[in-house]
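Only one structure is covered here, and it is reproduced in the block below.
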Amino acid sequence: MRTLLRLLQFVRPYWWLSLLDIVLILVLSSFRMGPAWFIKLIIDEAVPAGSVHLLTLYLLGLVGSSLVQNGITALETYLEQYVGQRVIFDLRNVLYQHLQSQSMSFYDRNQTGQLMSRVTNDVSQVQFFVTQGVARLVNMVVTVFLNLTILFLIDRELTLVTLLAAPAIYAYQRKQSRIFPMFRRVQQRMADLNTVIQENVAGIKLIQAYGREPFEAKRFDEVNRDIRATRLETSRNMAIVNPGQEFVTMASSVLILTLGAYRVIHGDLTIGSLVAFQNYALLMWQPVRWLAQVTQMGQQALAAGERIFEILDTPLDVAEKPNAVVLPRLKGAIRFENVWFSYGRDRPLLRDITFEVEPGQTIALVGPSGSGKTTLTNLIPRFYDVTAGRVLVDGYDVRDVTLESLRSQIGIVLQEPFLFNMTIRENICYGRADATEEEMIAAAKAACAHDFIMELPKGYETEIGERGTRLSGGQRQRISIARAILINPRILILDEATSSVDTRTDYLIQQALDALMRDRTTIVIAHRLSTVQRADVIFLMVDGQIVARGTHQELLATNPIYQQLYEIQFQLQRDGTTRGLIGVAG
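Its first residue numbered 105, the sequence shown is counted upward by one per residue in our numbering.
Below is the structure:
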C-alpha cells in the first residue's frame, strides 16, 4: 500500500482531471444500464401490446444509449490516457533528474544496465497500470454497485443466487496474490538482462577479439531462460485464474437461467425481466473478471514501483546546500586541507592530503597506477565529497557553493575522451551552447582539430557516431580539448589530455595548451616528461599520499621513487614509445 500511495502521489497535480475521469466513468456506467432495460421494455411492453410506436421508441432509446455510451467511452479513454501519460512523464523526469544529481560513487555502486531498466522497463510497467489499471478498477467498483442495485430491484432471490459465485471468484483472486513475488523476480531479471546486453554492446570489440562469443551467449541464455521460466510460471497461474473465473461466471449464468425460467413458468417473473437480469448479471461480473488483469498490472506496477523508489530513496552523496553560495568569477586558488577520502567503509584512497596552488600555477601529479591522482582531481569539481578535511577554491569550501557555479568554471579533459552521438559542432559547444561560430572555430584551431574537421565531408556538421566511433582516438581527444578550451575555464584539469595523440600532434596541442594554461590554474596528470618538467610544482603520490613535492630537478635529485619513474619513462621515450608509467590514472 505504501508503494501504491507513493505512485498515486504523482496523480495529485492532475486531481481535477482524474475527478472528471471518474465522473465520466459514473456517467458511462449509467448509460451501460440502458440497453438491457430497453430490451426488457421491448419484450414486456412493446411486443405483447403489438405497439409499433412503443417498439420504435424503445429501439431509438436502445440505439441512442449505445451511441452516447460509445461517445463517452472515447472521451473517457482519451482522458485516462492523457492523465496517465502526464503522470508517467513526471515520474520518468523525477527519476532521471535524481539519477543526474547523484555523485560518481552512486554510479560506481550501480550497474548501467540496472539503472537503464529502472527508467525504461520499470516505468513502462507503472505506465500500464496508471493508464489502464486504475480506470478499470474504478469502473469495476461503479459497475458492480449500479448493477447490483438494479438486480435487487428486479428480483432479490435471483440476486442472492447470483452472489453465490462471489466466494469462488474471491478464492481465485487470493490465488492470484501469490503471483506478486514472481513479477518482482521478473523485473529484477529483466534488469540483469539489460546489464548483460549493455556490457556486450559496449565491449563487442573485446568479446570478438578474445573469441568469447559463446561465453557471452551462455551468460545471456542463462538470464533469458530464467525470465522465460518465471514468466511461464506466472502464466500457468494466470491460466488457472482467468478460465476459472470464466467458468464460475458461466455456471452462475446457467443457474440464473434455470431458476429464472422456473419463475417465468410459474408467472413470478416476466421474460423481459429475466433477460434484463441475465444481461445485468453478466455486465456485473465482466469487470470483476477484469480484476485478474488489473491485479496483474497492479502487481507488476508495484514490483516496478519498489525498484523505482529504491533509486529515488537513495540519498544524494553530493547534495547542494539550501543556502549554497553562487561563486563569483574565480581567480583559481586551490587548497586541500587534511583531506581524506574513501568509498564508504573501504580503506582510504586519499590520506591526509594538504597542499595549496596559487592562481595561475601549474601542478603535475605523478606516481604509480592506483596512487590516487585521478581521485584527487575529482574532488575539485565535487564529483565526490571528501570523507574528512576540506577542499577550497578561492577560499570557498566547495561544499558551500552551487554546483553549477563551481563546475562551469572548471575545464576537464578526461583520460578517455567521451563524445556524444551528435555533430562535431554540438560536441565542441557542449559546455557553451551559446558560443559563436568564430569562438568555436578558434577553440578547434587551438586544439589542432580544425584542419581534420574541414577534411570531413560535412565538416563541423559531421555526425560522429556513438562515443565518437567514426573518429580516431587522437581526433576524439582533440575535440574534447577544444570543448574544454571553449568554456574558457579558470581551473583546468588535464587527465592525460594528450595520451591518445601522436608526437607531432602532441607538440601542436601542447603549444595551444601552454597558451591556454597561462594565467589559469592547471592540474595535470600526464604521461609525457615534457609536460611534467614544465610544471611549477610536481606532487609525487604513492598509495594515496603526497610523499614528495618540488620541481622536476629537485625531485630527480632527491627522491628515489621519482628517479625510478623517470628512468623507466626516459628508457621508453628513447625507444620511441610514447606511453609510460608517469601519470597513469590512479
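Ideal Cβ placement from N, Cα and C applies to all residues, glycine included. Here the structure is a predicted model, which is why all the values come from computation and not from measurement.
CB contact flag (residue i, residue j, <7 Å)
i: Gln291; j: Ala408; result: yes
i: Val300; j: Phe324; result: yes
i: Ile273; j: Gln382; result: no
i: Gly402; j: Phe233; result: yes
i: Gly578; j: Leu523; result: no
i: Pro463; j: Thr625; result: yes
i: Val422; j: Asp489; result: yes
i: Phe135; j: Val172; result: yes
i: Asn251; j: Tyr366; result: no
i: Ala276; j: Val345; result: Per the sequence shown, residue 276 should be read as Tyr rather than Ala. Yes, Cβ-Cβ distance for Tyr276 and Val345 is below 7 Å.
i: Thr491; j: Phe445; result: yes
i: Pro258; j: Ser169; result: Just to set this straight, residue 258 is Ile in the shown sequence, not Pro. Cβ atoms of Ile258 and Ser169: not closer than 7 Å.
i: Val646; j: Gly471; result: yes
i: Gln519; j: Pro593; result: no
i: Leu363; j: Val238; result: no
i: Arg536; j: Ile589; result: no
i: Ile176; j: Leu132; result: yes
i: Phe696; j: Tyr162; result: Since the first residue of the chain shown is 105 and the last is 690, residue 696 is not available in this structure.
i: Ile129; j: Val242; result: yes
i: Thr527; j: Glu567; result: yes
i: Ala380; j: Ala140; result: yes
i: Asn341; j: Ile283; result: yes
i: Ala468; j: Ala639; result: yes
i: Glu570; j: Asn525; result: yes
i: Ile375; j: Val368; result: yes
i: Tyr118; j: Arg190; result: yes
i: Ala295; j: Gln218; result: yes
i: Pro521; j: Arg433; result: no
Other residues of its chain near residue i: CB distance less than 7 Å, five sequence neighbours each side excluded
i: Glu222; result: For the record, residue 222 in the displayed sequence is Arg; it is not Glu. Here the set comprises Leu199, Arg411, Ile412, Ile415.
i: His554; result: Ile545, Ala548
i: Asp504; result: Lys425, Ala428, Val429
i: Ala652; result: Leu644, Leu659, Asn663, Tyr666
i: Leu179; result: Leu128
i: Arg335; result: Val290
i: Glu565; result: Thr527, Arg529
i: Pro561; result: none
i: Arg116; result: none
i: Ser209; result: Asp421, Tyr447, Tyr488
Distance between beta carbons of residue j and residue i, contact taken as under 8 Å
i: Leu598; j: Val628; result: 5 Å
i: Phe459; j: Phe287; result: At roughly 54 Å, the Cβ-Cβ gap does not stay under 8 Å, so Phe459 and Phe287 are not in contact.
i: Ile484; j: Ile595; result: 7 Å
i: Met220; j: Pro391; result: Their Cβ separation, rounded to whole angstroms, is 36 Å, which puts Met220 and Pro391 out of contact at 8 Å.
i: Arg587; j: Asn531; result: 6 Å
i: Val187; j: Ser122; result: 6 Å
i: Leu195; j: Phe114; result: 5 Å
i: Asp330; j: Arg293; result: 5 Å
i: Ser357; j: Leu386; result: 6 Å
i: Leu183; j: Asp125; result: 5 Å
i: Gln201; j: Thr235; result: With a Cβ gap of about 22 Å, Gln201 and Thr235 do not count as contacting.
i: Leu297; j: Asn328; result: 6 Å
Residues near residue i by beta carbon distance below 8 Å, same chain, minus five either side
i: Leu159; result: Ile146, Ala150, Val151
i: Leu453; result: Phe445, Ser446, Tyr447, Gly476, Thr479, Gly648
i: Ile438; result: Glu460, Val461, Ile484, Val495, Leu496, Val497, Ile595, Thr625, Ile627
i: Glu337; result: Met286
Paired residues, beta bridge with residue i - DSSP
i: Phe459; result: Phe440
i: Asp501; result: Leu496
i: Phe643; result: Leu469, Arg653
i: Phe445; result: Leu454
i: Val628; result: Ala468, Leu598
i: Glu567; result: Thr527
i: Val429; result: Val505
Residues near residue i in its chain [Cβ-Cβ closer than 6 Å; skip 5 each side]
i: Val430; result: Thr506, Ser509
i: Gln692; result: Beyond the ends of the chain as shown, which are 105 and 690, falls residue 692; an answer cannot be given.
i: Gly138; result: Ser169
i: Asn304; result: Glu320
i: Gly515; result: Ala588, Ile591, Pro593, Leu596
Residue-level contact to chain C via CB, residue i, 7 Å cutoff
i: Tyr200; result: The displayed structure is made up of one protein chain only, and chain C is not part of it.
Contact test: residue i Cβ vs the ligand ADP heavy atom, cutoff 6 Å
i: Arg486; result: Inclusion of the ligand ADP in the displayed structure is not the case, the ligand content being empty and no account of it being possible.
### Task
Enumerate, from N- to C-terminal direction, the unbroken beta strand (DSSP E) stretches of 3 or more residues contained entirely within the stretch 512 to 537.
The stretch 512 to 537 contains these whole beta strand (DSSP E) runs: 514 to 517.
### Query
Going along the chain, which unbroken runs of the beta strand (DSSP E) with 3 or more residues stay wholly within the stretch 146 to 171?
With a minimum length of 3 residues, no continuous beta strand (DSSP E) run stays inside the stretch 146 to 171.
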